[in-house]
Amino acid sequence: MNFKRTLLAAALPLMFTFTGAAQALQLKFADIHPAGYPTVVAEENMGKTLTRETNGELTFQYFPGGVLGSEKEVIEQMQVGAVQLSRVSLGIVGPVVPDVNVFNMPFIFRDHQHMRNVIDGAVGDEILDKITNSEFGLVALAWMDGGTRNVYTKKPVRKLEDLKGMKIRVQGNPMFIDMMNAMGGNGIAMDTGEIFSALQTGVIDGAENNPPTLLEHNHFQNAKFYSLTGHLILPEPIVMSKITWEKLTPDQQALVKTAAKAAQAEERVLWDKKSAASEEKLKAAGVEFIEVDKKPFYDATAPVREKYGAKYADLIKKIEAVQ
Numbered sequence: 138m139n140f141k142r143t144l145l146a147a148a149l150p151l152m153f154t155f156t157g158a159a160q161a162l163q164l165k166f167a168d169i170h171p172a173g174y175p176t177v178v179a180e181e182n183m184g185k186t187l188t189r190e191t192n193g194e195l196t197f198q199y200f201p202g203g204v205l206g207s208e209k210e211v212i213e214q215m216q217v218g219a220v221q222l223s224r225v226s227l228g229i230v231g232p233v234v235p236d237v238n239v240f241n242m243p244f245i246f247r248d249h250q251h252m253r254n255v256i257d258g259a260v261g262d263e264i265l266d267k268i269t270n271s272e273f274g275l276v277a278l279a280w281m282d283g284g285t286r287n288v289y290t291k292k293p294v295r296k297l298e299d300l301k302g303m304k305i306r307v308q309g310n311p312m313f314i315d316m317m318n319a320m321g322g323n324g325i326a327m328d329t330g331e332i333f334s335a336l337q338t339g340v341i342d343g344a345e346n347n348p349p350t351l352l353e354h355n356h357f358q359n360a361k362f363y364s365l366t367g368h369l370i371l372p373e374p375i376v377m378s379k380i381t382w383e384k385l386t387p388d389q390q391a392l393v394k395t396a397a398k399a400a401q402a403e404e405r406v407l408w409d410k411k412s413a414a415s416e417e418k419l420k421a422a423g424v425e426f427i428e429v430d431k432k433p434f435y436d437a438t439a440p441v442r443e444k445y446g447a448k449y450a451d452l453i454k455k456i457e458a459v460q
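Residue numbers 138 to 460, in my numbering, belong to the letters of the sequence shown in order.
Okay, here's the thing in structure tokens:
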């Protein structure tokens, strides 16, 4: 990622201007998801908690719905301290902090509960530390639940062969492109904000994500078939600009970490309710939920796990050992 290197260079002169003294800060919290989305609600409550716990030393502005740009653009702004907090997808972090790709591998988790058990434990904390200790310019605080991702398309996908030749949007990570290509589709990387028009105009034949995203971003209007492939179960970190982090006192830093972990727990409850409600709304809107045999999809993606997994052998063992 070239943007990482250039922005780090721009940010370096700023990193040495801060003191440990307490100061009033107004922090921008960005998310590509719309107002009311589980991650956004948890973020807003996190901010309210921090304002209260710091006696107003930290206040927050919230920018849901991608109003500050794509995730890539928000990360660029965070690296120079222009935006302070965000929830970001691991797909965009992986190319810069390679170890997070262990979570990005298809079918790495046995099921949704297994993923939650992993991020709640030592492995989850280890990956957060790897993000923080990298040159990415971000401090990783906690995990949001990004749900189970499935394929949604204009034409039904009832078996692996039905995906053949379909142009399917994926996040901009080479692993995801390889994953979709291995399943027979044609992986097309693009930002979330571009999906609706790309579906509408036929640039893509489908995408892959969870039910709340399919609903809230209105993709269901052009993609009426939701195939339960379960190929990815992706946690998503809450991150803070390292420039901003270094402005905080040790007490403030501790409060931010505590509030982020509380947001992680709250978002999970909100997520389960939202996901179930979204599924009902999608079905009422005419979306067909298609049960598929996952084994052919799992088998087809074996070369992807082999290609990327060798360097993460120790982490994979730790993940598999989590009950």
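Beta carbons are placed, not taken as given, at the ideal position from N, Cα and C, and that holds for glycine.
Quick one: what's got a C-beta closer than 6 Å to residue i's C-beta in the same chain, skipping five residues either side?
i: A439; result: none
i: K398; result: A279
i: K141; result: In this prediction, K141 scores a pLDDT of 45, lower than 50, which makes its location untrustworthy; the coordinate-derived value is nonetheless stated afterwards. Cβ neighbours of K141 beyond the five flanking positions: V233.
i: E461; result: No statement about residue 461 is possible, as the shown extent of the chain runs from 138 to 460 and does not include it.
i: N254; result: V459
Output needed for residue i: all residues of its chain with C-beta closer than 7 Å, excluding positions within five of it in sequence on either side, in chain order.
i: W408; result: P175, D282, G284
i: G309; result: G228, I229, A326
i: K455; result: V260
i: A422; result: F357
Determine the DSSP secondary structure at residue i, reduced to helix, strand or coil.
i: S226; result: coil
i: E181; result: helix
i: L278; result: strand
i: M377; result: strand
i: A400; result: helix
i: F244; result: coil
i: Y445; result: helix
i: V239; result: helix
i: P232; result: coil
i: A147; result: In this predicted model, A147 has a pLDDT of only 43, less than 50, meaning its place in the structure is not dependable enough to derive any value.
i: T366; result: strand
i: G283; result: strand
i: F426; result: strand
i: P387; result: helix
i: N139; result: Annotation note: pLDDT 48 at N139 (below 50); position unreliable, coordinate value reported separately. Note: N139 maps to helix in three-state DSSP.
i: S207; result: coil
i: E272; result: coil
i: M215; result: helix
i: Q221; result: coil
i: N359; result: coil
i: A335; result: helix
i: K296; result: coil
i: A172; result: coil
i: T191; result: coil
i: M312; result: helix
i: M320; result: coil
In terms of residues, what are the limits of the beta strand (DSSP E) holding residue i?
i: F463; result: The question about residue 463 has no answer here: the residues shown for the chain are numbered 138 through 460.
i: L164; result: 162-167
Mind checking who residue i pairs with in its DSSP beta bridge?
i: V307; result: A326
i: A344; result: Y289
i: P372; result: D282
Residues in its own chain within less than 8 Å of residue i by CB, not counting five upstream and five downstream?
i: I305; result: V288, T290, M317, G322, N323, G324, I325, I341, D342, G343, A344, E345
i: K411; result: Y174, P175, P349
i: Q160; result: E194, K384
i: P311; result: P232
The ligand FMN and residue i: does the residue's C-beta get closer than 6 Å to at least one heavy atom of that ligand?
i: L365; result: Ligands in the displayed structure: none, and consequently the ligand FMN is not present.
Alpha helix (DSSP H) containing residue i: first to last residue?
i: T269; result: 259-269
i: Y435; result: 431-437
i: K301; result: No alpha helix (DSSP H) contains K301, which DSSP labels as neither H nor E.
i: Q250; result: 249-256
i: E331; result: Careful: E331 lies outside any alpha helix (DSSP H) and carries neither H nor E.
i: A458; result: 450-458
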